[in-house]
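Counting with my numbering, you get residues 1 to 590 for the letters of the sequence shown.
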Amino acid sequence: MNRKIQILSLLFLGFSQFAFAQLKEEKLILDRKREPEIKRIEKKKTSVEREKNYPPIQKKVEDSLHLKYEITDVPPVSGFKTSTIQGADIAPAFNSAYQDSYFRVGYGNYGKILADGNISTVLENKTEVGADVHYLSTNGLKKEYEWDSKQSQASLGAYLNSYGDQGKFSVNANYSLDNYNYYGIYALPADAGQDLKQKTNIFSVNGYYDFYSNEILNDIRVKSSFLSDHFDAKETYADVLANLSKHGVSVYDDITMNADLGLGLETQNTTFKILTGNSSDFLNLTAAPKLTFYKGKSYLTIGSGFAFLNGKNDNSLLSEKVKTSKTYWFPKAELLFAAADEFKFYAGIDGGLTMNSYASLLQQNPYLLPDQYLKPGETKYHIYFGLKGDIDQTVKYEVSAGYAKLKNMMFFAQNGLQSFDAVGQRNSYDYINTFSAVYDDGTVSSVKGSLQFFPLENLALDAELNYSKYKLDHNNDIYNIPLLKAEIGAQYTMLNKKLLLGFKGFFATDRTANAFAVSSGINPDILIQTENTDEKVGGYADLNLSAEYKIHKNFSIFALGNNLLNSSYQTYKGYKVLGAQIAGGIKITF
Numbered sequence: 001m002n003r004k005i006q007i008l009s010l011l012f013l014g015f016s017q018f019a020f021a022q023l024k025e026e027k028l029i030l031d032r033k034r035e036p037e038i039k040r041i042e043k044k045k046t047s048v049e050r051e052k053n054y055p056p057i058q059k060k061v062e063d064s065l066h067l068k069y070e071i072t073d074v075p076p077v078s079g080f081k082t083s084t085i086q087g088a089d090i091a092p093a094f095n096s097a098y099q100d101s102y103f104r105v106g107y108g109n110y111g112k113i114l115a116d117g118n119i120s121t122v123l124e125n126k127t128e129v130g131a132d133v134h135y136l137s138t139n140g141l142k143k144e145y146e147w148d149s150k151q152s153q154a155s156l157g158a159y160l161n162s163y164g165d166q167g168k169f170s171v172n173a174n175y176s177l178d179n180y181n182y183y184g185i186y187a188l189p190a191d192a193g194q195d196l197k198q199k200t201n202i203f204s205v206n207g208y209y210d211f212y213s214n215e216i217l218n219d220i221r222v223k224s225s226f227l228s229d230h231f232d233a234k235e236t237y238a239d240v241l242a243n244l245s246k247h248g249v250s251v252y253d254d255i256t257m258n259a260d261l262g263l264g265l266e267t268q269n270t271t272f273k274i275l276t277g278n279s280s281d282f283l284n285l286t287a288a289p290k291l292t293f294y295k296g297k298s299y300l301t302i303g304s305g306f307a308f309l310n311g312k313n314d315n316s317l318l319s320e321k322v323k324t325s326k327t328y329w330f331p332k333a334e335l336l337f338a339a340a341d342e343f344k345f346y347a348g349i350d351g352g353l354t355m356n357s358y359a360s361l362l363q364q365n366p367y368l369l370p371d372q373y374l375k376p377g378e379t380k381y382h383i384y385f386g387l388k389g390d391i392d393q394t395v396k397y398e399v400s401a402g403y404a405k406l407k408n409m410m411f412f413a414q415n416g417l418q419s420f421d422a423v424g425q426r427n428s429y430d431y432i433n434t435f436s437a438v439y440d441d442g443t444v445s446s447v448k449g450s451l452q453f454f455p456l457e458n459l460a461l462d463a464e465l466n467y468s469k470y471k472l473d474h475n476n477d478i479y480n481i482p483l484l485k486a487e488i489g490a491q492y493t494m495l496n497k498k499l500l501l502g503f504k505g506f507f508a509t510d511r512t513a514n515a516f517a518v519s520s521g522i523n524p525d526i527l528i529q530t531e532n533t534d535e536k537v538g539g540y541a542d543l544n545l546s547a548e549y550k551i552h553k554n555f556s557i558f559a560l561g562n563n564l565l566n567s568s569y570q571t572y573k574g575y576k577v578l579g580a581q582i583a584g585g586i587k588i589t590f
């Protein structure tokens, strides 16, 4: 059976190479937001690790609501996602003799250049130190547009993990630079030399201390970041969370109890310098007590969420500052009944506040107008139920459905003209090519499903489906969010783990958006715009492949393929993706 699989895989790889050879130089369609990326496979060491049982002083870990499995003998091959960078990279990796340090470099069409690496070492006192770097750039769609559409992204990080007698300490510092253009122009022409540049810088420092014992103080987490952009917007953010707990308390017979109390402090200050000069300042204090009762693998959690929000918003259009000072209460409860490992039924209710920062909005949509009115979103309640299970360590699945009542639900709408003057130089964000966060109240009904299948030790298949239906109080439709999204993937190793193949496909249905048309009126020097509030942005199917062959234990070659259907879909109105992309390079591990 394994022999047949290997033969089929070789045929698959040969067909892929033949298909790549047949790719012609396609006509680029730039309005691409930035292309689906297949991320690096090596887990970035700048992430704070989550394991709590090292040294081996055991803690009782709650069974998570979400399906997240750690399969040591079947590692994930690549993490594909719709990226914020054009034609981003795929990262294959091997699970041979594990090597933390590596460097790789590659080149592809559209002038894609990618380079990344990680270096780490473990000191004698159980301390790990290291650093990583990542760079990716493309020339954009020079053959399609007269204006500049190139983009680049770079990040640099350093980290330290230390294992002491009482607990584990982790700290990391990161700097990221995102340099790109507001190239998604569709409603009026731009000059050939028009400056459409946007650039964001984010510096962050995160710390985490986890006590091995769950006696009173469980862990402490600290996050902080500073953001600036090309238009002198600035944002500072800090979050401190302390978890207090008492676990493993015997209640009755074989029933045990965990008591937890989370205490948090979150601050956010944002200022913009252009147009209306929006500014906001928020302080959010939270407390989340809960009791969890266990019997075998089943449990019942009862708790609450409390929040005190103090904030203010200001801009040049407001006669006075908008101030907020409010206390919130949110229900939190969950019941999981483990009939067997194969069938675990759960149901629950939760809610909470979501701080909408400029940095978090840019992660979802980098083409924002650098003048945003920010305010937190509120999930009044979210009711959910579902079923998950693990069938003989071969099939892992989860299906769930939910219904939520939301206030200040955030989504993105396209901005119209800022200036209606038909003559003169326009600002880079004033071509109907930027978006702003808008807010509405309403409800959302959702259905989710995920599946992982491991038919062979060296073969892993996965699939995920998400359905979300929104009903808003003041808008007919929610903009730029598809009704249905799906992902499928496969990872396969062969030839004694020398060859690694990966596949990922993304699918989405049409999205509703707003769009503008521009014309000249009676006065040719004055522009007139009309808005369509029911524009349809087409769905897409995006297929990606990766391959890596290990020539030597320290040397590999890799090939990456993005958007192989050569689809010119749009992530946001006006921002089409690049066409089919092929890149290859070398990788050194040590």
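Where is the CB? At the ideal position from N, CA and C, for every residue including glycine.
Asked, Found
"Close Cβ partners of A515 (< 6 Å) along its chain, the five nearest in sequence each way excluded", "N532, E535 and K573"
"Delimiting residues of the alpha helix (DSSP H) encompassing Q364", "Y358 to Q364"
"Nearest residue (CA-CA) to L499, options N269, I557 and K126", "I557"
"Neighbour-count burial assignment, K471, 16 or more Cβ in a 10 Å radius", "exposed"
"Cα-Cα separation, D191 to L527", "17 Å"
"Simplified DSSP state of Q393, which is helix, strand or coil", "coil"
"For G157, the nearest candidate out of F203, S149, D165 and S137 (CA to CA)", "F203"
"Environment of S520 [buried if 16+ CB atoms lie within 10 Å]", "exposed"
"Cα-Cα separation, N475 to K587", "50 Å"
"Contact check, L578 vs G561, beta carbons under 7 Å", "no"
"Supposed close pair L188, I522 - CB separation, criterion 8 Å", "So it is not a contact: roughly 18 Å between Cβ atoms."
"Cβ neighbours of L160 in the same chain (closer than 6 Å, five flanking residues each side left out)", "V129 and V171"
"Residue burial classification, H552 (beta-carbon count within 10 angstroms, cutoff 16)", "exposed"
"Unbroken beta strand (DSSP E) run spanning L564, endpoints", "L564 -> no beta strand (DSSP E), and no H or E assigned at all."
"Those runs of the beta strand (DSSP E) which lie wholly inside the stretch 117-154 and span at least 3 residues", "127-138"
"Given 8 Å, three or more beta-carbon pairs between the stretch 312-330 and the stretch 275-288", "yes"
"Neighbourhood of F453 by C-beta, 6 Å cutoff - its chain only, sequence neighbours within 5 removed", "V395 and L461"
"L564, buried or exposed, once every other Cβ within 10 Å from all chains shown has been counted against 16", "buried"
"Boundaries (first-last residue) of the beta strand (DSSP E) holding V537", "L527 to V537"
"Reference L291, options V251, F169, I274 and Y328, closest by Cα", "V251"
"W147, buried or exposed, once every other Cβ within 10 Å from all chains shown has been counted against 16", "buried"
"Beta-carbon proximity of I255 to K295, cut-off 7 Å", "yes"
"Chain-order list of residues whose beta-carbon lies under 7 Å from that of N554 (same chain, five-residue window excluded)", "I588, T589 and F590"
"Buried versus exposed call for G184 [16 or more other C-beta atoms within 10 Å across all chains shown]", "buried"
"Where L368 falls: helix, strand or coil (DSSP)", "strand"
"Pair within 7 Å by beta-carbon distance, K273 and H230", "no"
"Integer Cβ distance of G351 from T379, believed to fall under 8 Å", "5 Å"
"Exposure of S316, with buried meaning 16 or more beta-carbon neighbours within 10 Å", "exposed"
"Cβ separation of K234 and T271, assumed to be a contact under 8 Å, to the nearest whole Å", "5 Å"
"Beta-carbon proximity of S137 to S152, cut-off 7 Å", "yes"
"Delimiting residues of the beta strand (DSSP E) encompassing N172", "G167 to N181"
"Check whether L501 and A547 have beta carbons under 7 Å apart", "yes"
"Beta-carbon proximity check, L241 vs G264, cutoff 7 Å", "yes"
"Presumed contact (8 Å Cβ cut-off) between D195 and S428, rounded CB distance", "6 Å"
"Given 8 Å, three or more beta-carbon pairs between the stretch 411-421 and the stretch 382-389", "no"
"The beta strand (DSSP E) enclosing S319, as first and last residue numbers", "No beta strand (DSSP E) holds S319; DSSP gives it neither H nor E."
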